[in-house]
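Peer 1: Structure in structure tokens, see below.
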Amino acid sequence: LKRAPDLPSLENLNDGSVTPAFIQLCRLFNILDVTITADPASARNALALAQQQLSSDEAPLSLENELQRADISMTQQWMRIFLWQHALNVTN
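As structure tokens, this is what we get:
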């Protein structure tokens, strides 16, 4: 898989064409993408930033649909575990 540099911006998508839950999932996976593709010299900083972003994210609370909130929360938890495992590999 290759990164697609021409993906649309996640900002200003309030026209209803994309749901807020989908935008939130895209943001979460962007955090993951930026972190795991960081060069070894900046891996620690990238991991710290990712953990901070995952911890400070309150977007699931703004979603009205309980299933969407659960999906976002479970994705965040999965990402925390994945990043913890990734940290073990890159921060020897």
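Terminal number for the sequence shown in the working numbering: 174, no gaps in between. Each residue gets a CB set at the ideal place from its N, CA and C atoms; glycine is no exception.
Would you call the CB atoms of Met-161 and Leu-136 closer than 8 Å?
Peer 2: Along the sequence shown, one-based indexing puts residue 161 at 79. Along the sequence shown, one-based indexing puts residue 136 at 54. Contact flag set, yes.
Peer 1: Would Ala-125 count as contacting chain D if we go by Cβ distances under 8 Å?
Peer 2: The displayed structure is made up of one protein chain only, and chain D is not part of it.
Peer 1: Thr-173 and Arg-126: beta carbons closer than 8 Å?
Peer 2: Position 91 of the sequence shown, counted from the start, is the residue given in the question as residue 173. Position 44 of the sequence shown, counted from the start, is the residue given in the question as residue 126. In contact: Thr-173 and Arg-126 (Cβ atoms closer than 8 Å).
Peer 1: Rounding to the nearest angstrom, what Cα-Cα distance links Ala-169 and Leu-129 in this structure?
Peer 2: Position 87 of the sequence shown, counted from the start, is the residue given in the question as residue 169. Position 47 of the sequence shown, counted from the start, is the residue given in the question as residue 129. So the alpha carbons of these two residues sit roughly 7 Å apart.
Peer 1: Measuring CA to CA, which of Asn-147, Trp-166, Gln-158 and Phe-164 is closest to Pro-102?
Peer 2: The residue you call residue 102 lines up with position 20 of the sequence shown. Measuring from the Cα of Pro-102, the nearest candidate turns out to be Asn-147.
Peer 1: Could you check if Ile-163 is buried or exposed, using at least 16 other CB atoms within 10 Å of its CB as the buried criterion?
Peer 2: Taking the sequence shown and counting its residues from 1, one reaches residue 163 at position 81. Its Cβ having fewer than 16 others within 10 Å, Ile-163 is exposed.
Peer 1: Taking just the CA atoms, how far does Ile-113 sit from Ile-105?
Peer 2: Numbered from 1 along the sequence shown, position 23 holds the residue referred to as residue 105. Numbered from 1 along the sequence shown, position 31 holds the residue referred to as residue 113. Taking the straight line joining both Cα atoms gives about 13 Å.
Peer 1: Assign Glu-146 to one of three DSSP states: helix, strand, or coil.
Peer 2: By one-based count along the sequence shown, residue 146 stands at place 64. DSSP places Glu-146 in coil when its eight states are reduced to three.
Peer 1: Expressed to the nearest angstrom, what Euclidean distance is found between the alpha-carbon atoms of Leu-165 and Gln-159?
Peer 2: Stepping through the sequence shown from its first residue, residue 165 is reached at position 83. Stepping through the sequence shown from its first residue, residue 159 is reached at position 77. Going from the Cα of Leu-165 to the Cα of Gln-159 covers about 10 Å.
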